[in-house]
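Novice: Protein chains in written order, with the UniProt record's numbering: chain A, 1 to 151; chain B, 1 to 151.
This structure is in structure tokens; I'll ask about it shortly.
Number of protein chains: 2
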Amino acid sequence: MELKYRSADFEDLESLVALLSNDPLGNKREDASVPLNRAYIEAFEAIVRDSNNDLVVVEQDNVLVGMLQITFIPYLTHIGSWRCLIEGVRIHSDYRGQGFGEQMFTHAIEQAKSRGCKIVQLTSDKQRPDAIRFYERLGFKATHEGFKLAL
Amino acid sequence: MELKYRSADFEDLESLVALLSNDPLGNKREDASVPLNRAYIEAFEAIVRDSNNDLVVVEQDNVLVGMLQITFIPYLTHIGSWRCLIEGVRIHSDYRGQGFGEQMFTHAIEQAKSRGCKIVQLTSDKQRPDAIRFYERLGFKATHEGFKLAL
Numbered sequence: 001m002e003l004k005y006r007s008a009d010f011e012d013l014e015s016l017v018a019l020l021s022n023d024p025l026g027n028k029r030e031d032a033s034v035p036l037n038r039a040y041i042e043a044f045e046a047i048v049r050d051s052n053n054d055l056v057v058v059e060q061d062n063v064l065v066g067m068l069q070i071t072f073i074p075y076l077t078h079i080g081s082w083r084c085l086i087e088g089v090r091i092h093s094d095y096r097g098q099g100f101g102e103q104m105f106t107h108a109i110e111q112a113k114s115r116g117c118k119i120v121q122l123t124s125d126k127q128r129p130d131a132i133r134f135y136e137r138l139g140f141k142a143t144h145e146g147f148k149l150a151l
Numbered sequence: 001m002e003l004k005y006r007s008a009d010f011e012d013l014e015s016l017v018a019l020l021s022n023d024p025l026g027n028k029r030e031d032a033s034v035p036l037n038r039a040y041i042e043a044f045e046a047i048v049r050d051s052n053n054d055l056v057v058v059e060q061d062n063v064l065v066g067m068l069q070i071t072f073i074p075y076l077t078h079i080g081s082w083r084c085l086i087e088g089v090r091i092h093s094d095y096r097g098q099g100f101g102e103q104m105f106t107h108a109i110e111q112a113k114s115r116g117c118k119i120v121q122l123t124s125d126k127q128r129p130d131a132i133r134f135y136e137r138l139g140f141k142a143t144h145e146g147f148k149l150a151l
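Below you can see the structure in the form of structure tokens.
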């Protein structure tokens, strides 16, 4: 069954927050309560308003199986190259181990090429060794340290 | 002498490209020729058009001493948090070792707070050990691998 990709609608938001919360790291830092925490709604509206951000819903047979967020960023570096930043990649626990992640990245990389990006980049938590192996298998190189500072 | 920060103007562009090129990694991948490669001009225009990107020029006594690019990104993750991504941080070789980098990051972190960001993030090339120590000293944690895929 082929995967379908579309930009998220407001009606997807509860399912997306549930998907983010259903994760060993996400369940410590997300708020799975319904009605949704207002902050999710405001963030969703900001993402939709920004033409350089795309919150992508992945469906199989009309069932939401995954999500990812793509941000397109123009930089002077690398002779004025656009980059594609991928974050918030999640696959529903019922649908793992079927190669969906690889298909989702194939889609994201196609989007990056269609927008003229020269680099796709992402950071992966060092506590997620499976994810790190997955990205290496796709050809990503861990040439950089991924630094975070909580405010 | 206090540093001053402002968004880059088109008139800064030649100096900014020269600064990017005057660097052990940059001199392999930038195009320092003048008149400027058209790609720099197009990238600059795209940055200026995007209200979630700020290409910051750093000056001391009206002399350009550094630059950095700040991108503000809305995410659903972390209960709908905005993040601040910092890239393209450069200090002119004549002005290093004077604590300018720390002042520039203090400025960038203030900008991030004023935009409601919960996380500041950046990636640093593993070939730049001094930069890595600098970010650690500022309190950044290298919790993530920074993956890149060239298209």
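The C-beta atom is built at its ideal place from N, Cα and C for all residues, glycine as well.
Predicted model, so just to flag it, every value in this text is computed and none were measured.
Counting only runs that start and end within the UniProt domain "N-acetyltransferase" (3-151) of chain B, where is the beta strand (DSSP E) found for 3 or more residues in a row?
Specialist: Correct list: 4-7, 53-60, 63-74, 82-91, 117-125, 141-150.
Novice: Taking the alpha-carbon positions, what's the glutamine 60 of chain A to tyrosine 75 of chain A distance?
Specialist: For the purposes of this step, residue 60 of chain A is taken as the residue at position 60 of the first sequence. For the purposes of this step, residue 75 of chain A is taken as the residue at position 75 of the first sequence. Near 35 Å, if we compare the C-alpha coordinates of tyrosine 75 of chain A and glutamine 60 of chain A.
Novice: Have a look at A:Pro24, A:Leu20, A:Glu145, A:Ser15 and flag the residue whose alpha-carbon is nearest the alpha-carbon of glutamate 87 of chain B.
Specialist: The residue you call residue 87 of chain B lines up with position 87 of the second sequence. Checking every option, the nearest Cα to that of glutamate 87 of chain B belongs to A:Glu145.
Novice: Between lysine 28 of chain B and chain A, is there a C-beta pair that is closer than 8 Å?
Specialist: Position 28 of the second sequence holds residue 28 of chain B. Not one chain A Cβ lies under 8 Å of lysine 28 of chain B.
Novice: Would you check if there are 3 or more beta carbon pairs closer than 8 Å linking the stretch 63-75 of chain B to the stretch 43-52 of chain A?
Specialist: Touching, yes.
Novice: Which chain B residues sit within Cβ distance under 7 Å of asparagine 22 of chain A?
Specialist: The residue given as residue 22 of chain A occupies position 22 in the first sequence. The contacting residues do not exist; asparagine 22 of chain A stays about 13 Å from chain B at best.
Novice: Excluding the 5 residues flanking serine 93 of chain A on each side, which residues of the same chain have their C-beta closer than 8 Å to its C-beta?
Specialist: Walking along the first sequence from the start, residue 93 of chain A turns up at place 93. Once the five neighbours on either side are set aside, the close Cβ partners of serine 93 of chain A are Asn22.
Novice: Candidates B:Met104, B:Ile79, B:Gln98, B:Asp130: which alpha carbon is nearest glycine 116 of chain B's?
Specialist: Your numbering for residue 116 of chain B matches position 116 in the second sequence. When only C-alpha atoms are compared, the closest one is B:Ile79.
Novice: Does glutamine 127 of chain B pass the burial test, meaning 16 or more other C-beta atoms within 10 Å, or should it be called exposed?
Specialist: Taking the first residue of the second sequence as 1, we reach residue 127 of chain B at position 127. The residue in question, glutamine 127 of chain B, is exposed, as its Cβ has fewer than 16 Cβ neighbours within 10 Å.
Novice: State the CB to CB distance for the pair lysine 139 of chain A and methionine 104 of chain A, rounded to an integer number of angstroms; the pair is presumed to be in contact (CB under 8 Å).
Specialist: If you number the first sequence from 1, residue 139 of chain A lands on position 139. If you number the first sequence from 1, residue 104 of chain A lands on position 104. What sits at residue 139 of chain A in the sequence shown is glycine, not lysine. Glycine 139 of chain A to methionine 104 of chain A, Cβ: 15 Å. No contact.
Novice: Under 8 Å between C-beta atoms, does threonine 106 of chain A make it to chain B?
Specialist: For this step, residue 106 of chain A is matched to residue 106 along the first sequence. Not one chain B Cβ lies under 8 Å of threonine 106 of chain A.
Novice: Let me know if serine 81 of chain A comes out buried or exposed under the rule of 16 or more other beta-carbons within 10 Å of its beta-carbon.
Specialist: On the first sequence, position 81 is the one that residue 81 of chain A refers to. It is buried - the Cβ of serine 81 of chain A has at least 16 other Cβ atoms within 10 Å.
Novice: Would you mind sorting glycine 99 of chain B into buried or exposed? The rule is 16 or more other CB atoms within 10 Å of its CB.
Specialist: Locating residue 99 of chain B in the second sequence gives position 99, where the first residue counts as 1. It is exposed - the Cβ of glycine 99 of chain B has fewer than 16 other Cβ atoms within 10 Å.
Novice: Would you say glutamine 121 of chain A lies against chain B (beta-carbon separation less than 8 Å)?
Specialist: Stepping through the first sequence from its first residue, residue 121 of chain A is reached at position 121. Answer yes: the Cβ-Cβ gap between glutamine 121 of chain A and chain B drops below 8 Å somewhere.
Novice: Return the CA-CA distance between lysine 148 of chain B and leucine 3 of chain B, expressed in angstroms with no decimal places.
Specialist: Within the second sequence, the letter at position 148 stands for residue 148 of chain B. Within the second sequence, the letter at position 3 stands for residue 3 of chain B. Cα to Cα, lysine 148 of chain B sits roughly 33 Å from leucine 3 of chain B.
Novice: So with Cβ pairs under 8 Å, would you call aspartate 130 of chain A a contact of chain B?
Specialist: Translated into positions along the first sequence, residue 130 of chain A becomes position 130. It does not: the Cβ of aspartate 130 of chain A has no partner Cβ on chain B nearer than 8 Å.
Novice: Verify the CB distance criterion: does glutamate 42 of chain B have a CB-CB separation below 8 Å to chain A?
Specialist: By one-based count along the second sequence, residue 42 of chain B stands at place 42. Yes, its Cβ sits closer than 8 Å to a Cβ of chain A.
Novice: Between the C-alpha atoms of alanine 150 of chain B and valine 89 of chain B, what's the straight-line distance to the nearest angstrom?
Specialist: For the purposes of this step, residue 150 of chain B is identified with residue 150 of the second sequence, where counting begins at 1. For the purposes of this step, residue 89 of chain B is identified with residue 89 of the second sequence, where counting begins at 1. Distance between the alpha carbons of alanine 150 of chain B and valine 89 of chain B: 20 Å.
Novice: Buried or exposed for arginine 133 of chain B, please, with buried defined as at least 16 other CB atoms from any protein chain shown within 10 angstroms of its CB.
Specialist: Walking along the second sequence from the start, residue 133 of chain B turns up at place 133. Label assigned to arginine 133 of chain B: exposed.
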